[in-house]
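Report on the following structure.
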Amino acid sequence: MSGVIRKGAAVLAALLLAGTLVLALANGWIWWWTHERIRPDPAACDAAPVGLVFGTSWGLRGGGVNPWYQARLDTAARLYHLGLVDHLLLSGDNHTRYYNEPVVMWRDMKKRGVPPGAMTLDYAGFSTFDSLVRARRVFGAHRVMLISQPWHLPRALYIADHVGLEATGCTARTAAPSYHWSLRLREWLARVWTLGDLFLWQRQPHFLGPRIRMQPGQEASGDEEKAERLPKLPLCRVLSDVSDDGSDGDRAAESSAGSCATAAP
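Going by my numbering, the sequence shown opens with residue 7, and the numbers climb by one from there.
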């Protein structure tokens, strides 16, 4: 019996070692590939025709506004007002009529002084992967600035490189909350999964649809009406709906941290 236990322990140790090695190599590779294109402050970011803002829940279960959400919008608005981006693509989840990340972002960006004609909404940005593929294949973007937190940008940039986008990253900084390390761990695991998405199982986005042309200066038809109609009710993100089977670290981490809010922050 002791021999069986020793063999089992040896196999378990080997599996743990292999898993740790894969995790370290995947994360090291993605960081090395992308880190030189990540800027720490909006004023230092490279100009680009389009800024891609990744959607996330706007509120936390414990109350208050999600700091990741606020930081992304504050950074995007600053980039626009500095003249570093001409147009903003707001990409997020609209999985029910009661939950609409792009419209809420659009409404809050208007409050930050960004004109409606400088924004285009992507209602099918269900994950980082979907947002990036759709930016290229649906909206025809080529050179983009990705706007997100520093832990998210390496993976986003790596995906962008492999779906035909010429991208740089602009950091949306915020104070680290209490769940910071669990979020980082999920992101490390998501980077490993990303390599499988790109090189093993040839992942495709949930939806593509017809091409949509981003036209700076032109009002986005229907967006204001959608913003006004969005119910001002308590909304809770359903983790199973948004975690992309565990493969999208930013969405899963933010959801597990608590994503319940009203539609009118």
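Every residue, glycine too, gets a C-beta built ideally from N, C-alpha and C. Fair warning: this is a prediction, and the values are worked out from it, not measured in the lab.
Between the stretch 133-147 and the stretch 31-45 there are fewer than three inter-stretch CB-CB distances shorter than 8 Å, so the stretches are not counted as touching. Going by DSSP, D47 is part of no beta strand (DSSP E) at all; its letter is neither H nor E. Taking the Cβ atoms as the reference, G61 lies roughly 17 Å from L85, outside the contact range of under 8 Å. Per DSSP, D136 is one residue of the alpha helix (DSSP H) stretching across 134-143. Secondary structure note for L94: its beta strand (DSSP E) is the uninterrupted segment 91-97. Contact between P55 and D92 holds: CB atoms are separated by about 5 Å, below the 8 Å threshold.
In the DSSP assignment, V150 falls within the beta strand (DSSP E) that extends over 149-154. Around T81, the same chain offers P48, I153, C176, A178 as residues with beta carbons nearer than 7 Å, after the five sequence neighbours per side are excluded.
G68 sits in coil when the DSSP states are folded into three classes, being neither helix nor strand. No Cβ-Cβ contact shorter than 8 Å links V28 with V169. Leaving aside the five residues that flank T174 on each side, the residues in its chain whose CB is nearer than 6 Å to its CB run, in chain order, R43, D52, M151. Assigned with DSSP and collapsed to three states, P121 falls in coil, not helix or strand.
As computed with DSSP, T177 is found in a beta bridge with S154. Residue burial annotation: V139 is buried, with at least 16 other C-beta atoms found within 10 angstroms of its C-beta. The DSSP-derived three-state label of L88 is coil.
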